[in-house]
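Count the sequence shown with the numbering used here and you get residues 299 to 549, in order.
For each residue, glycine too, the CB sits at the ideal point set by N, CA and C.
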Amino acid sequence: MVIVVALTVIIVRIVVSRLLNELVLRGSISVNIREVTLKILDIAVIIILVGTATIIFIPQYWGILAVLGLLGLTILLLLIYPVSSYIAIVALQMRFQLKGRFYEILLPGSSKSLHGRIVDSTIYHSIVEDEHGVIHYVPNAQLARSVLKPYTPRVVFEVAVRLPGGGSLDLVELEEAIAGKLEEYGYPGFKDVKDVSVVRASGSELVFRVVFYPISIPVRKDSLRRLVVDLRSTLLKELQDRVVDVHVAVL
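Listed below in structure tokens is the structure:
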């Protein structure tokens with residue numbers, strides 16, 4: 299009797315698993331639905347097998363209750379994490395349009411925000427790709443407790459311009475000239491619109507904060523290195539003897 303029941307439920311489990319795989323390949327259902335369905339099916343298989351064996355080998359009702367109680371506790375422990383994680387991602391999807399959108403994500407207990415877009419999610423975690431293409435795996439339960447804010451991808455540079463000495467230097471005019479050059483500067487892969495602001499100004503140095511907005515994501519680090527070199531050489535060429543040196547760094 300037990301062998302017949304076991305073979306039956308195992309065959310059903312295999313058939314359902316293959317059917318779900320076909321549906322995933324066709325795009326009819328998501329991988330998350332497949333995983334949840336198989337998890338529920340596995341639990342049902344365990345309940346059927348243990349229940350059948352208990353009824354056959356332990357005729358006393360107290361024995362049956364004890365076994366079923368232990369089985370229920372085991373199932374609860376097995377399900378509590380995946381179910382809570384799945385509920386967390388469902389709750390997030392109800393609050394936000396997650397996939398493909400960029401967010402500033404402040405994780406619980408972290409002082410630094412994660413900037414990126416959620417490219418995929420499973421029962422247990424979400425996959426976040428940041429602006430530079432680095433993949434981060436964030437547990438759904440942790441993501442559900444995070445603060446999410448819509449975010450526009452950007453790259454911030456600090457441009458430090460060393461000035462020649464001399465009392466005849468018109469600092470205001472030079473500051474406006476450099477800011478104008480920074481606003482006019484363009485580089486492939488970035489929008490023409492950029493934010494330029496003065497961070498620090500003195501007789502020996504002008505420091506600017508320049509925000510570039512990429513056209514597409516991710517922005518590779520080698521592209522940023524080429525931009526840094528090109529921006530520095532462009533400023534030195536156009537400002538000529540009005541400055542001593544230019545230093546460009548990615549913040």
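If you check the CB distance, R311 and V343 come in under 7 angstroms. Contact between S495 and L461 is absent: CB atoms are separated by about 18 angstroms, not below the 8 angstroms threshold. The residue from A442, F510, V432 with its alpha-carbon nearest to that of H423 is A442. By the neighbour-count criterion, in which a residue is buried when 16 or more other Cβ atoms sit within 10 angstroms of its Cβ, N319 is exposed. Cβ atoms of V436 and E427 stay farther apart than 8 angstroms, at about 11 angstroms. In the three-state scheme derived from DSSP, where H, G and I count as helix and E and B as strand, S521 is classed as helix. The beta carbon of V491 sits closer than 7 angstroms to those of Y511, all from its chain and outside the five residues before and after it, given in chain order. By the C-beta density criterion, G431 is exposed, having fewer than 16 other C-beta atoms within 10 angstroms. Between the alpha carbons of N438 and A477 lies a distance of about 44 angstroms. At a Cβ-Cβ threshold of 7 angstroms, E474 and L504 do not count as neighbours. Rounded to the nearest whole angstrom, the C-alpha separation of L323 and Y483 is 47 angstroms.
Under the DSSP definition of a beta bridge, S495 partners with R507.
Taking all protein chains shown into account, S419 has 16 or more neighbouring C-beta atoms within 10 Å of its C-beta and is therefore buried. Contact between E429 and I515 is confirmed by a C-beta separation of about 6 angstroms, below the 8 angstroms threshold. A residue is called buried once 16 or more other Cβ atoms fall within 10 Å of its Cβ, and V459 is buried on that count. Taking every protein chain shown into account, the CB of G487 has fewer than 16 other CB atoms within 10 angstroms, so this residue is exposed.
Per DSSP, I403 is one residue of the beta strand (DSSP E) stretching across 400-404. C-alpha of R415 to C-alpha of G398: approximately 6 angstroms in a straight line. Taking V314 as the centre and dropping the five residues before and after it, the same chain places the C-beta of L339 closer than 7 angstroms to its C-beta, in chain order. By the Cβ-count criterion, L317 is exposed, with fewer than 16 other Cβ atoms from all chains shown falling within 10 Å of its own Cβ. Relative to L405, the option among V307, Q440, E333, I301 whose CA is nearest is Q440. In this chain, the alpha helix (DSSP H) harbouring E473 covers 469-482.
The residues V544, V546, in chain order, have a CB closer than 7 angstroms to that of R530 in the same chain once the five nearest residues on each side in sequence are set aside.
The three-state secondary structure of I513, taken from DSSP, is coil.
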